[in-house]
Amino acid sequence: MNKSVPTDPSRPADDVTRHVGYQLKRAQAALRGAMDKALREHGLTVPQYSTLELLALRPGMSNAELARATFVTRQSGNVVLRGLQEAGLITRPATAEHGRSRPAHLTAEGHTRLAAVQVAVYAVEQRMVEAIPPQRVAALLIDLDRIAAALED
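Numbering (our numbering), first residue to last: 2 to 154.
Following this line, the structure appears as C-alpha cells:
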C-alpha cells in the first residue's frame, strides 16, 4: 500500500486514500460507527446524544441553535427534540414566549440517561485518542479546528 501523503495539495498523491480529506472522512465514519453501536445499546442516536450533551452544558438552547451545533437541519433537529420530549428526556414550553424559539431543558430522566450513556461514548473517544501519542492530542485538536475554520463560510 502506498503511504505517500501529498505535501502540495495541487499535486495529488498517487493514492486518493492518502489524501487528508479522505482520511478525515474515514476517521469520521469510523467514529460514527463506533458511536452508533455504543448508543444503540442505550436507545439513542448520535443527534439525540449530542443534543442531550449540549443541553446539559447550555440549558435553554433553541431548536435552531441545537440543529447547528449537532450538524442537522432545523427540521431534523425538531424531530430529534420531539423524540427526546416524548421519551421524557427533555422539556420545552408548548408555545414560544418570544418569536418562535422554545428553549429546551433536560429532565431528571434526561440527566440520568445522559450520565449512563456518557460512559460508553467517552470509552469510544478514549479508544480513538489512545491511537495517537499523548503529546500530539492538543496539536491535533488545534489542527482540526483550523481545518474547519478554513472551510467555513
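Glycine residues also receive a C-beta, built at the ideal position from the N, C-alpha and C atoms.
Just so you know, these numbers come straight off a predicted model, no measurement behind them.
Query                                                                                            : Result
Inter-stretch contact at 8 Å, needing at least 3 Cβ pairs: the region 14-32 / the region 70-86   : no
Of the residues Leu115, Ala31, Gln136, the one placed nearest Glu42, counting alpha carbons only : Leu115
First and last residue of the uninterrupted alpha helix (DSSP H) at Ile143                       : 138-152
For Thr52, the first and last residue of its enclosing alpha helix (DSSP H)                      : 47-58
Helix, strand or coil at Thr74 [DSSP, three-state]                                               : coil
Boundaries of the alpha helix (DSSP H) in which His112 is found, first to last residue           : 109-130
Pro134 versus Ala95: straight-line alpha-carbon distance, rounded                                : 49 Å
Which residues DSSP lists as bridging His106, in chain order                                     : Thr92
Which of helix, strand or coil DSSP assigns to Pro135                                            : helix
Reduced DSSP secondary structure (H/G/I, E/B, other) of Met36                                    : helix
Collapsed DSSP secondary structure at Glu42 in the structure displayed                           : coil
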